[in-house]
Amino acid sequence: MRMAEKLKKLEEVVKKMEEEKEKMKEEKEVEKRRRVEEVEMEKRRRVEEVEMEKRRRVEEVEMEKRRRVALEEELGRLKRIPETTPAAVPIGDGDSRRLVDCKAAFSEKYVSKPGSLSPDAFMAIMTNAANQEVSTSVGALTQSSGWGKSRFLCEVSTRFRCLYISMGDSVSMYPRQTRSYAPLKMILEAAASDPDLVVSHLMNCFSQYLDRATRDPHIQALTNAEWFRYQLEEWNPGYDVRIVGGTLTPLLRAEAKARLADAITKFKEHYRVSCVLVLCDEAAALLEPFSASGLPRFRLFRRAFTVMGMTACFASTQSKVQNFAPALHRDESYKEYTMTQLERPWMPSPFLAINPVDVSVGDVLYPLSLADLHSAGNLSQF
Numbered sequence: 056m057r058m059a060e061k062l063k064k065l066e067e068v069v070k071k072m073e074e075e076k077e078k079m080k081e082e083k084e085v086e087k088r089r090r091v092e093e094v095e096m097e098k099r100r101r102v103e104e105v106e107m108e109k110r111r112r113v114e115e116v117e118m119e120k121r122r123r124v125a126l127e128e129e130l131g132r133l134k135r136i137p138e139t140t141p142a143a144v145p146i147g148d149g150d151s152r153r154l155v156d157c158k159a160a161f162s163e164k165y166v167s168k169p170g171s172l173s174p175d176a177f178m179a180i181m182t183n184a185a186n187q188e189v190s191t192s193v194g195a196l197t198q199s200s201g202w203g204k205s206r207f208l209c210e211v212s213t214r215f216r217c218l219y220i221s222m223g224d225s226v227s228m229y230p231r232q233t234r235s236y237a238p239l240k241m242i243l244e245a246a247a248s249d250p251d252l253v254v255s256h257l258m259n260c261f262s263q264y265l266d267r268a269t270r271d272p273h274i275q276a277l278t279n280a281e282w283f284r285y286q287l288e289e290w291n292p293g294y295d296v297r298i299v300g301g302t303l304t305p306l307l308r309a310e311a312k313a314r315l316a317d318a319i320t321k322f323k324e325h326y327r328v329s330c331v332l333v334l335c336d337e338a339a340a341l342l343e344p345f346s347a348s349g350l351p352r353f354r355l356f357r358r359a360f361t362v363m364g365m366t367a368c369f370a371s372t373q374s375k376v377q378n379f380a381p382a383l384h385r386d387e388s389y390k391e392y393t394m395t396q397l398e399r400p401w402m403p404s405p406f407l408a409i410n411p412v413d414v415s416v417g418d419v420l421y422p423l424s425l426a427d428l429h430s431a432g433n434l435s436q437f
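In the numbering used here, the protein residues as written are 56 to 437.
What follows is the structure in structure tokens.
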């Protein structure tokens with residue numbers, strides 16, 4: 056009897072083990088099917104992603120094709136209109152809308168009319184300023200963006216041999232900063248230096264620029280227009296100077312001034328110009344302070360032109376650059392002069408503030424005569 060019970064219990068244990076075994080087998084089958092399904096789902100997901108990426112790329116290619124077609128159509132349209140600058144804009148309404156021909160407009164407003172501010176008249180004014188010994192008379196050319204400042208400087212540079220420096224800090228805007236400004240900017244950023252030392256190095260830097268422009272056979276062979284383009288895009292004259300702790304290396308003013316005077320003479324003789332004219336575009340960069348004292352950089356920069364035969368004109372959208380030209384208050388720029396004129400103290404009147412006019416202005420009588428350019432009304436309208 057006991058043996059029968061033991062056999063029965065053993066059978067139950069064996070049966071239970073068989074059931075457990077079957078259950079584990081079923082669970083394995085379920086897990087296997089689940090994994091197979093996951094693999095299949097992952098495959099389908101990846102296939103869908105590949106298909107979506109393929110469709111996206113096809114759409115991008117189609118969009119690029121449409122964009123290129125649109126650009127080609129726009130290019131074709133632009134080829135059918137006259138050469139324009141930002142100043143040559145459509146004026147009028149409806150059927151009366153027309154494009155201003157920038158070359159004809161420039162000639163009409165600045166060149167062809169007697170008494171207008173043509174490049175020749177402008178150069179005559181600047182030459183008069185350059186030949187005032189121990190004077191910091193300079194020009195300021197201000198107007199809204201896109202209305203002809205850079206174009207005017209280009210016209211002057213095409214007519215006369217000038218130094219052109221763009222001080223703009225934007226890589227996307229025209230005109231770009233010229234490489235010739237980098238050494239001047241480096242000197243102006245030596246904030247721990249004595250201001251007189253900064254002026255001496257500015258003079259020395261300009262003398263090196265003029266020497267290279269006079270002696271380089273490649274530059275000598277360039278036309279005025281080619282020289283302007285070369286300065287705008289390629290010329291990198293450099294200036295070898297050490298700045299330690301924000302301080303420039305020592306340089307005597309008399310030595311720098313003598314070098315600059317000699318370089319001016321050679322430049323004028325070689326290129327047969329009446330003066331060395333430095334055209335400074337995007338000159339608002341000089342409104343920044345030189346140091347913590349708040350002294351504007353333009354005052355130091357302007358003092359570099361206290362050598363006879365050389366002057367500058369500063370162009371900007373900022374009317375504040377007109378402070379570069381008028382001497383409405385006494386500053387260090389005139390100390391040397393007033394010390395030699397004690398019996399008859401002299402304070403220069405505002406020299407010149409030129410405003411290139413909108414080519415489409417109709418209600419105002421432009422261009423101004425040279426006499427009107429010097430009037431208090433014209434100088435105070437900003």
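Glycine is no exception: its CB is placed at the ideal position from the N, C-alpha and C atoms.
Could you check the C-alpha separation between residue i and residue j for me, to the nearest Å?
{"i": "C335", "j": "R121", "result": "42 Å"}
{"i": "E104", "j": "R123", "result": "28 Å"}
{"i": "E92", "j": "V102", "result": "15 Å"}
{"i": "K64", "j": "M96", "result": "47 Å"}
{"i": "V254", "j": "F283", "result": "26 Å"}
{"i": "D224", "j": "R231", "result": "7 Å"}
{"i": "A367", "j": "E129", "result": "40 Å"}
{"i": "A370", "j": "A340", "result": "11 Å"}
{"i": "A359", "j": "M258", "result": "5 Å"}
{"i": "L84", "j": "R112", "result": "In the sequence on display, residue 84 carries Glu and not Leu. Rounded to the nearest angstrom, the two C-alpha atoms are 42 Å apart."}
{"i": "K78", "j": "E115", "result": "55 Å"}
{"i": "L265", "j": "V296", "result": "17 Å"}
{"i": "K61", "j": "K76", "result": "22 Å"}
{"i": "T139", "j": "E337", "result": "Only weak support exists for where T139 lies, its pLDDT of 35 falling under 50; the value from the coordinates is given anyway. Distance between the alpha carbons of T139 and E337: 21 Å."}
{"i": "Q275", "j": "M118", "result": "50 Å"}
{"i": "V362", "j": "V328", "result": "16 Å"}
{"i": "K439", "j": "R88", "result": "Residue coverage of the chain in this structure runs from 56 to 437, which leaves residue 439 outside it and unanswerable."}
{"i": "Q373", "j": "E106", "result": "56 Å"}
{"i": "R438", "j": "E81", "result": "The structure shown does not extend to residue 438, since the chain is modelled only from 56 to 437, so the question has no answer here."}
{"i": "M346", "j": "T278", "result": "A small fix is needed here, since residue 346 is Ser in this sequence, not Met. Rounded to the nearest angstrom, the two C-alpha atoms are 40 Å apart."}
{"i": "S173", "j": "I298", "result": "42 Å"}
{"i": "F71", "j": "V94", "result": "The residue asked about is misnamed: residue 71 is Lys in this sequence, not Phe. If you take the alpha carbons of K71 and V94, they lie about 34 Å apart."}
{"i": "G301", "j": "M222", "result": "21 Å"}
Skipping 5 residues on each side, what residues in its chain have a beta carbon closer than 7 Å to that of residue i?
{"i": "L350", "result": "P250 and P344"}
{"i": "V416", "result": "Note that V416 scores a pLDDT of 35, beneath 50, so its modelled location is shaky; the value from the coordinates is reported in the next line. Excluding positions up to five away in sequence, the list is empty."}
{"i": "G293", "result": "P238"}
Less than 8 Å between the CB atoms is what I'm expecting for residue i and residue j, so what's the real figure, rounded?
{"i": "L332", "j": "F261", "result": "Their Cβ separation, rounded to whole angstroms, is 12 Å, which puts L332 and F261 out of contact at 8 Å."}
{"i": "A268", "j": "T213", "result": "With a Cβ gap of about 16 Å, A268 and T213 do not count as contacting."}
{"i": "L126", "j": "L243", "result": "With 8 Å as the limit, L126 and L243 do not qualify as a contact, their Cβ atoms being about 42 Å apart."}
{"i": "M178", "j": "V211", "result": "7 Å"}
Give me, in chain order, the residues of the same chain whose beta-carbon lies closer than 6 Å to that of residue i; leave out the 5 immediate sequence neighbours on both sides.
{"i": "I220", "result": "T233, S235, Y236 and C335"}
{"i": "C330", "result": "T182, A185 and G364"}
{"i": "L303", "result": "A245, S248, L252 and H256"}
Excluding the 5 residues preceding and the 5 following residue i in the sequence, name in chain order all residues of the same chain whose CB lies nearer than 8 Å to its CB.
{"i": "K375", "result": "A339 and L342"}
{"i": "R308", "result": "D251, V254, S255 and M258"}
Can you check whether the C-beta of residue i is within less than 8 Å of a C-beta belonging to chain D?
{"i": "Q373", "result": "Among the chains of the structure shown, chain D does not appear; only one protein chain is present."}
**Message:** Can you confirm whether the segment 317-326 touches the segment 285-298 when touching is taken to mean that 3 or more C-beta pairs between the two stretches lie within less than 8 Å?
**Reply:** Because the criterion of three Cβ pairs below 8 Å is not met, the segment 285-298 and the segment 317-326 do not touch.
**Message:** Taking contact to mean 3 or more Cβ pairs, one atom from each stretch, closer than 8 Å, check whether the segment 204-215 and the segment 300-313 are in contact.
**Reply:** No, the segment 204-215 is not in contact with the segment 300-313.
**In chain order, each beta strand (DSSP E) run of at least 3 residues that lies wholly inside the segment 255-341** = List check, beta strand (DSSP E) in window: 331-336.
**Prompt:** In chain order, which beta strand (DSSP E) runs of at least 3 residues are fully inside the segment 57-88?
**Reply:** The DSSP assignment places no complete beta strand (DSSP E) segment of no fewer than 3 residues inside the segment 57-88.
**Message:** Report the start-end ranges of each beta strand (DSSP E) in the segment 204-259 that is 3 residues or longer and not cut off at the edges.
**Reply:** Taking only runs of at least 3 residues, the beta strand (DSSP E) segments lying wholly in the segment 204-259 are 218-221.
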